[in-house]
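Asker: Once you've had a glance at the structure underneath, I'll fire off some questions.
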Amino acid sequence: MSYLNLEKITKNFPGCKAVDELDLEVEQGEFIVLLGPSGCGKTTTLRIIAGLEIQSSGKVILDGKDVSDTPPERRDMAMVFQNLALYPHMTVYQNIAFYLQNIHTSKDDIDRRVRQSARRVEIEELLERKPNQLSGGQRQRVALARALVRSPKLFLLDEPLAALDAKLRAGMRSEFKLLHRSLNEQESSMGTFIYVTHDQIEAMTLGTRVAVIYKGKVVQFSPPKELYKTPKNLFVAAFVGSPEMNLIEGSLSGSNGSTNFEFQGMSFKTGTRGVETLQRIGQEAGEVVLGIRPEAVTLGSTTNLDSLPFEILTIEPFGQTNFVRLRSESRVSITCLVNPDLSFKEGEIVGVNFNPDCVHYFNKQTGENVLA
Amino acid sequence: MLNNSISGRLRLKKLVIILASVAVLFYVLAPIYWIVVSSFQKEDALNDKPPHFFPTADVFTLDHYSFLFTGEVPEGSTIMIQAQYTMSGTLVYPSIINSLIIALAVTVINIVIGFPTGHIFSRFRFWGDSKLFGVLVATRLLPSISILVPMFILMQKLNLYDTKLGLIGIYSAITIPFTIWILRSYFKNLPIEYEEAARMDGCSYLRSLVKVVLPIAKPGVAAAAIFAFMTAYGEFIFATVLTRTIASRTQTAVLASLASGLSVSHGMVSAASVLAILPPVLIAVIFRKQIIDGLTSKLGAS
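Line order of the protein sequences matches chains B and V.
Everything in the first sequence is counted per our numbering, starting at 1 for the first residue and increasing by one.
Everything in the second sequence is counted per our numbering, starting at 373 for the first residue and increasing by one.
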């Protein structure tokens, strides 16, 4: 039995199904990220775990106990809200102390723990201020301190960085990571985090495992690296990774010992992965979607026989790399990342090569990754 | 040049706004000024032509006030005395106290009942919720006079005729739907996350209401309280019909009896009116900020 179990959670709102028989198993001490586009049901799922939303059917089991019908105040979970929801009528100190007061902790104990928690997120000098006297980043820290003052069964975070500007967000992101590590290193009680975001960079950097949610279901639940390397289906492939994975429709067919992927009058020698794909499909030929990440696309001279001719549309320097958009004569668009030291020019015709080991093939009908 | 004409236009706009504000202020305050000025004038000076818009020392007197508090006519006063005034005059002060007690009790009952009820209507969906709310608000549409006779009989049967408690009950019934309506719209504009954060921080539903929602919703609650208070303080029809003695008679009923009859002492009516206006004015001044916040920021925007 895992630490947190969601069993066939369904939530119906008038006119739509926000969560659809969702299952999730989380171990103690994990940092789980629920990732998905807006409206996919990730926040509703988190609110059901918190008890702020009542599931239409299904069970929430925490630490061996069924808490499906327990009101939020008795589930022992701390939550950081998207808009932070600091109590505007209380000082920072009172905000952090509020939970401890509610469970009737002694005054000395409250003081010690509030200061300890404030020190942890470096806001000790702000304790006497009101929330409206704080900057966005400081408010974020107060919200965090409010959760850290407890040792709850779960930390729930609902897009906690959404309100911050990009630079602050990156800083807080690493602090979340550090926090999770230090909680699980030093203390006997482990910090288990459930973190909701639509930002895949947050998901990739923070999560020990990431659950990609789409239309109320978990479509893939795996460590971030695996999510990136072997997306289970087209949705994950397209959603995870920036810049996005190139997806090209075409057909696979084998002939005299080698397999080719044909699209828009072009042909790409697939190597062993294409052969395996055809074996899995169990057919001589099949309609598939080819997926390849921009960094696995290389540019070279058109004289190379295996390369495919593309015209460079734009080159956008990202600094450490250049982001290049290309288009073939038959109007297939792809993108790739190239070393900025290589001197390609916009408008130039180049030879494109796909690294055959990094190519994915997706079933055109079901969207499943054939080899995953 | 361009700058000049823009700032000139801005200045003109400002001037128009100020003039309009002054006009409105004059319209609202002039009657009150007239009452205050009249209450300090000798009775015969009130009939002078032209009237004393800015009274001088020779027409000044405190007689009206001293009569209202003592029931005795000072030596050499020009005050008009009839049996009617001696009786009603001594009732002014106790009736204002009655009105205050009733209005404050109604206000407290309004908040205690209207606050949680308004919150429930704003946050929870239950069977028949919108219909129930509709009926509740629709009771506001009934003119008082249409339920006067049944209420009279009801109060007699309940032994509440001529009691403060009876009026408190009726005024609460009249004002609570409106309080619920105001607070419901106020809560609808309040982010629900504050309450949810309180729940996550270990508060029960009721505790979250008291510890978090109430302090945050203070302006809305203050506005609702003022409305309830003013309705109860200024109510006339029920007060006149359902009370008889000073045990329960309110300032509206007593002031009305002062101002009716064959001859009226304008100085006395003015002095009584000034006394009756004082409590609500004081409250409005003290809670000015909350009232303005409550009425302007979020009220009824949903």
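Ideal placement from N, C-alpha and C gives every residue a C-beta, glycine not left out.
Cα separation between T624 of chain V and F496 of chain V?
Answerer: Looking up residue 624 of chain V in the second sequence gives position 252. Looking up residue 496 of chain V in the second sequence gives position 124. About 40 Å.
Asker: Could you tell me how far apart the beta carbons of R169 of chain B and L161 of chain B are, in whole angstroms, since I believe they sit closer than 8 Å?
Answerer: Reading the first sequence from its first residue, position 169 is the one you call residue 169 of chain B. Reading the first sequence from its first residue, position 161 is the one you call residue 161 of chain B. Yes, they are in contact, since the Cβ atoms of R169 of chain B and L161 of chain B sit about 5 Å apart, within 8 Å.
Asker: Can you find a C-beta in chain B that's less than 8 Å from the C-beta of Y566 of chain V?
Answerer: Locating residue 566 of chain V in the second sequence gives position 194, counting from the first residue. Yes, Y566 of chain V lies at the interface with chain B (some Cβ there is under 8 Å from its Cβ).
Asker: Under a Cβ-count criterion, where at least 16 other Cβ atoms within 10 Å of its own Cβ denotes burial, should P309 of chain B be classed as buried or exposed?
Answerer: Position 309 of the first sequence, counted from the start, is the residue given in the question as residue 309 of chain B. That one is exposed.
Asker: Check whether the segment 285-297 of chain B and the segment 235-254 of chain B are in contact - that is, three or more C-beta pairs closer than 8 Å.
Answerer: Contact holds: three or more Cβ-Cβ distances are below 8 Å.
Asker: Over the uninterrupted alpha helix (DSSP H) stretch that includes E565 of chain V, give me the two end residues.
Answerer: By 1-based counting over the second sequence, the position of residue 565 of chain V is 193. E565 to M572 is the span of the alpha helix (DSSP H), which, as asked, contains E565 of chain V.
Asker: For K385 of chain V, count neighbouring Cβ atoms within 10 angstroms of its own Cβ and tell me buried if that reaches 16, exposed if not.
Answerer: In the second sequence, counting from the first residue as 1, residue 385 of chain V sits at position 13. Answer is exposed; the Cβ neighbour count stays below 16.
Asker: Considering only C-alpha positions, which residue in the set B:V149, B:L35 and B:T70 is nearest to L52 of chain B?
Answerer: The sequence position of residue 52 of chain B within the first sequence is 52, counting from 1. Among B:V149, B:L35 and B:T70, the Cα nearest to that of L52 of chain B is on B:T70.
Asker: Could you name the residues of the segment 64-78 of chain B whose beta carbon sits closer than 7 Å to any beta carbon of chain V, in the order they occur along the chain?
Answerer: Residues passing the 7 Å Cβ filter: P72, E73, M77 and A78.
Asker: Do you know how far the Cα of L22 of chain B is from the Cα of F354 of chain B?
Answerer: The residue you call residue 354 of chain B lines up with position 354 of the first sequence. The residue you call residue 22 of chain B lines up with position 22 of the first sequence. Approximately 37 Å between the Cα atoms of the pair.
Asker: Can you give me the start and stop residues for the beta strand (DSSP E) that V196 of chain B sits inside?
Answerer: Along the first sequence, read from residue 1 onward, the residue named residue 196 of chain B stands at position 196. Unbroken beta strand (DSSP E) run through V196 of chain B: F193 to T197.
Asker: If you count every other CB in all the chains shown that lies within 10 Å of the CB of T428 of chain V, and 16 or more means buried, which is it?
Answerer: As a position in the second sequence, residue 428 of chain V is number 56, starting the count at 1. It is exposed - the Cβ of T428 of chain V has fewer than 16 other Cβ atoms within 10 Å.
Asker: Nearer than 7 Å: is that true of the beta carbon of E7 of chain B relative to any heavy atom of the ligand FAD?
Answerer: With respect to the ligand FAD, the structure shown offers nothing to examine, as it has no ligands at all.
Asker: Could you name the residues of chain V that H360 of chain B contacts, counting a contact when the two beta carbons are closer than 8 Å?
Answerer: Here the question's residue 360 of chain B lines up with position 360 in the first sequence. Per Cβ cutoff of 8 Å: no residues; H360 of chain B is ~40 Å from chain V at best.
Asker: Within the same chain, show all residues whose beta-carbon is closer than 6 Å to that of I373 of chain B, passing over the 5 residues directly before and after it, in chain order.
Answerer: Nothing can be reported for residue 373 of chain B, as the shown portion of chain B is limited to 1 through 372.
Asker: Sorted by chain position, which residues of the same chain lie with C-beta nearer than 8 Å to A143 of chain B's C-beta, five sequence neighbours on each side aside?
Answerer: On the first sequence, residue 143 of chain B is found 143 positions in, with the first residue counted as 1. Result list for A143 of chain B: V80, F81, L84, A85, L86 and P160, in chain order.
Asker: In chain B, which residues lie less than 7 Å from D665 of chain V when you measure between Cβ atoms?
Answerer: Working through the second sequence from its first residue, we reach residue 665 of chain V at position 293. Going along chain B, no residue has its Cβ under 7 Å from D665 of chain V, so there is no contact; the nearest lies around 13 Å.
Asker: Whose Cβ in chain B lies nearer than 7 Å to the Cβ of V584 of chain V?
Answerer: Locating residue 584 of chain V in the second sequence gives position 212, where the first residue counts as 1. Within 7 Å Cβ-Cβ: Y87.
Asker: Would you kindly work out how many angstroms separate the C-alpha atoms of A595 of chain V and I658 of chain V, rounded to a whole number?
Answerer: As a position in the second sequence, residue 595 of chain V is number 223, starting the count at 1. As a position in the second sequence, residue 658 of chain V is number 286, starting the count at 1. So the two alpha carbons sit approximately 13 Å from each other.
Asker: Considering just the uninterrupted stretch of the alpha helix (DSSP H) at H360 of chain B, what are its terminal residues?
Answerer: Here residue 360 of chain B refers to the residue found at position 360 when the first sequence is read from its first residue. That residue, H360 of chain B, is in no alpha helix (DSSP H); its beta strand (DSSP E) goes H360 to N363.
Asker: Relative to the C-alpha of E348 of chain B, which residue among B:T302, B:I201 and B:L371 is closest?
Answerer: On the first sequence, residue 348 of chain B is found 348 positions in, with the first residue counted as 1. Cα-wise, what sits closest to E348 of chain B is B:T302.
Asker: Rounded to whole angstroms, what's the CA-CA distance from A163 of chain B to S135 of chain B? Just pull it up for me.
Answerer: Position 163 of the first sequence, counted from the start, is the residue given in the question as residue 163 of chain B. Position 135 of the first sequence, counted from the start, is the residue given in the question as residue 135 of chain B. Each residue's alpha carbon lies about 11 Å from the other.
Asker: Can you grab the Cα-Cα spacing for the pair F318 of chain B / P356 of chain B, in whole Å?
Answerer: Position 318 of the first sequence, counted from the start, is the residue given in the question as residue 318 of chain B. Position 356 of the first sequence, counted from the start, is the residue given in the question as residue 356 of chain B. Roughly 25 Å between the two C-alpha positions.
Asker: Can you list, in chain order, the residues of its chain whose CB lies under 7 Å from that of F550 of chain V, leaving out five sequence neighbours each side?
Answerer: Position 178 of the second sequence holds residue 550 of chain V. The answer, listed in chain order, is R512 and F599.
Asker: When the Cα of R150 of chain B is compared with those of V:M572, V:Q528, V:I618 and V:T462, which residue comes out closest?
Answerer: One-based indexing of the first sequence puts residue 150 of chain B at position 150. If we check each option's Cα against that of R150 of chain B, V:M572 comes out closest.
Asker: Roughly how many whole angstroms lie between the Cα atoms of I54 of chain B and P14 of chain B?
Answerer: For this step, residue 54 of chain B is matched to residue 54 along the first sequence. For this step, residue 14 of chain B is matched to residue 14 along the first sequence. Cα to Cα, the separation comes out at about 14 Å.
Asker: Does L52 of chain B get closer than 8 Å to chain V when you measure Cβ to Cβ?
Answerer: Within the first sequence, numbered from 1, the residue matching residue 52 of chain B stands at position 52. L52 of chain B counts as touching chain V.
Asker: When you compare the CB of G500 of chain V with every CB in chain B, is at least one pair closer than 8 Å?
Answerer: For this step, residue 500 of chain V is matched to residue 128 along the second sequence. So, not an interface residue.
Asker: If the cut is a Cβ gap below 8 Å, which residues of chain B does R495 of chain V touch?
Answerer: Working through the second sequence from its first residue, we reach residue 495 of chain V at position 123. The contacting residues do not exist; R495 of chain V stays about 11 Å from chain B at best.
Asker: At a CB-CB cut-off below 7 Å, which residues of chain B make contact with M572 of chain V?
Answerer: Within the second sequence, numbered from 1, the residue matching residue 572 of chain V stands at position 200. Going along chain B in sequence order, the residues near M572 of chain V (Cβ under 7 Å) are A50, P72, M77, A78 and M79.
Asker: Could you check what DSSP says for I388 of chain B in three-state terms: helix, strand or coil?
Answerer: The first residue shown for chain B is 1 and the last is 372, placing residue 388 of chain B beyond what the model contains.
Asker: If you drop the 5 nearest sequence neighbours on each side, which residues of the same chain put their C-beta closer than 8 Å to that of V218 of chain B?
Answerer: The sequence position of residue 218 of chain B within the first sequence is 218, counting from 1. So the list reads L22, D23, L24, A211 and V212, once near-sequence residues are dropped.
Asker: Short of 7 Å in beta carbon distance, which residues of its chain neighbour S373 of chain B, apart from the five on each side in sequence? Order them along the chain.
Answerer: In the structure displayed, chain B extends from 1 to 372; residue 373 of chain B sits before or after that span and is not available.
Asker: Just checking: is the beta-carbon of S56 of chain B within a distance shorter than 8 Å of some beta-carbon in chain V?
Answerer: Here residue 56 of chain B is taken as the residue at index 56 of the first sequence, counted from 1. It does not; no Cβ of chain V falls within 8 Å.
Asker: Taking the alpha-carbon positions, what's the N363 of chain B to L278 of chain B distance?
Answerer: In the first sequence, the residue the question calls residue 363 of chain B occupies position 363. In the first sequence, the residue the question calls residue 278 of chain B occupies position 278. Taking the straight line joining both Cα atoms gives about 11 Å.
Asker: Can a CB atom of chain B be found closer than 8 Å to the CB of P515 of chain V?
Answerer: Counting from one through the second sequence, the residue named residue 515 of chain V turns up at place 143. No - not a single Cβ of chain B is within 8 Å of the one on P515 of chain V.
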